[in-house]
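Chemist: For the sequence shown, our numbering assigns the number 192 to the last residue and increments by one with no breaks.
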Amino acid sequence: MRIGVFGGMFDPPHLGHLILAELACEQLELDSIVFIPTGTHPLKNDSLHSSPAHRLQMTKLAIERNSKFILSDREIATSETSYTVNTLEAIAKENPDSQLFLLLGIDNIAIFDQWHRTDRILELSTIAVYDRPSDKPVNILEILSSKLVRLKTPLIEISSTIIRERVKNHLSIKYFTPDVVREYILEHQLYAG
Ligand code: ATP
C-alpha cells in the first residue's frame, strides 16, 4: 500500500487542499491519503483557531465523497503536542508493509530543519513537495535532497485565512470550499468574529 499523509489545521479545509490531495493520489499512485487535522501545533499559536471538534467535522465533510481520502483524528485525540514524527511512527506501525509519503508545501521545506527528529521522519517517509505561492525561492536543504519527490500542482491561492476573513467580512465563500463545509461554517457561525 502507498499511503499519503496530509496534515494541517484545516480551519477550514478548502479546494486548495482537495485539489492538491487529488493530484498527489494521481502522481504518487497512492492507495489512500490520510487527512490529519492538527491537535496542538508545535509551531503555530492555535488559541485563535476553531475547536478541534469543528475542524475534524469540517474535514470529514470535505472528504466524504472520495473513497481514497481518509480522516484520522489521531492528533486531535491526544492532548500531547502533535509531532509529525510520532504520527508517522504510528501509521507505519499500523501499516507495516506500506510506503508513506508525507505531503509538504515548499514553505514548510524551508523550515524543515526546525522540526522534531527530521532524521527519523526521513527514514519513515518520502517527502512529496508541492509549490505554494511565495515571493522568495526556497533552497532545498541538503538533508532532504535524497528523499524528496516533487509534485506538479497548480498554484491555487485559496487559504483558510482568506476564507476566515471573508466570512468575518460577510463576503461569499461559495466555491472556495465544498458546499457542505460552507453550510457547516454558516450553521455554526464560525469565523463570524
Ligand atoms: P492558514 O491560511 O490558516 O494558514 P492554510 O490554508 O495554509 O491555512 P493549512 O491547514 O495550514 O491551510 O494547510 C495544510 C496544508 O495544506 C499545508 O501544508 C499547506 O501547505 C497546504 N495548503 C494550504 N492551502 C493550499 C493551497 N491553496 N494549495 C496547495 N496546498 C495548500
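Quick reminder that beta carbons are idealized off the backbone N, C-alpha and C, glycines included.
1) Leaving out five residues on either side along the sequence, give the residues of the same chain with a beta carbon under 7 Å from the beta carbon of L150.
2) Quick check: is any heavy atom of the ligand ATP less than 7 Å from the C-beta of Y129?
3) For I69, write down the residues that DSSP places opposite it in a beta bridge.
4) Let me confirm a value: M0 is counted as buried when at least 16 other C-beta atoms fall within 10 Å, else exposed. Which label applies?
5) If I measure Cβ to Cβ from L154 and keep anything under 8 Å in the same chain, skipping five residues before and after, which residues do I get?
6) If you reduce the DSSP assignment to three classes, tell me which class T77 lands in.
7) Please look up how many angstroms separate the CB atoms of L147 and L123, rounded, as I've assumed it's under 8 Å.
8) Confirm the yes/no value for this check: CB of G104, any heavy atom of the ligand ATP, distance under 7 Å.
9) May I ask which residues mark the beginning and end of the beta strand (DSSP E) holding G6?
10) Just the C-alpha distance for I105 and G7, rounded to the nearest angstrom, thanks.
11) Could you pull the start and end residues of the alpha helix (DSSP H) that I162 belongs to?
12) For a quick check, are the C-beta atoms of R75 and G38 less than 8 Å apart?
Modeler: With the structure as the only source:
1) Same-chain partners within the cutoff: L22, A23, Q26, A127, V128 and Y129.
2) Of the heavy atoms belonging to the ligand ATP, at least one sits nearer than 7 Å to the Cβ of Y129.
3) For I69, DSSP records a beta bridge to V33.
4) It counts as exposed.
5) Only D130, R131 and P132 meet the Cβ criterion.
6) In the structure shown, T77 sits in coil (DSSP, three-state: anything other than H, G, I, E or B).
7) With a Cβ gap of about 14 Å, L147 and L123 do not count as contacting.
8) Within the chosen limit of 7 Å, the ligand ATP reaches the beta carbon of G104 through at least one heavy atom.
9) Here the beta strand (DSSP E) through G6 covers R1 to G7.
10) Cα to Cα, I105 sits roughly 14 Å from G7.
11) That run of the alpha helix (DSSP H) goes S159 to K167.
12) For the record, residue 75 in the displayed sequence is Ile; it is not Arg. Closer than 8 Å, so yes.
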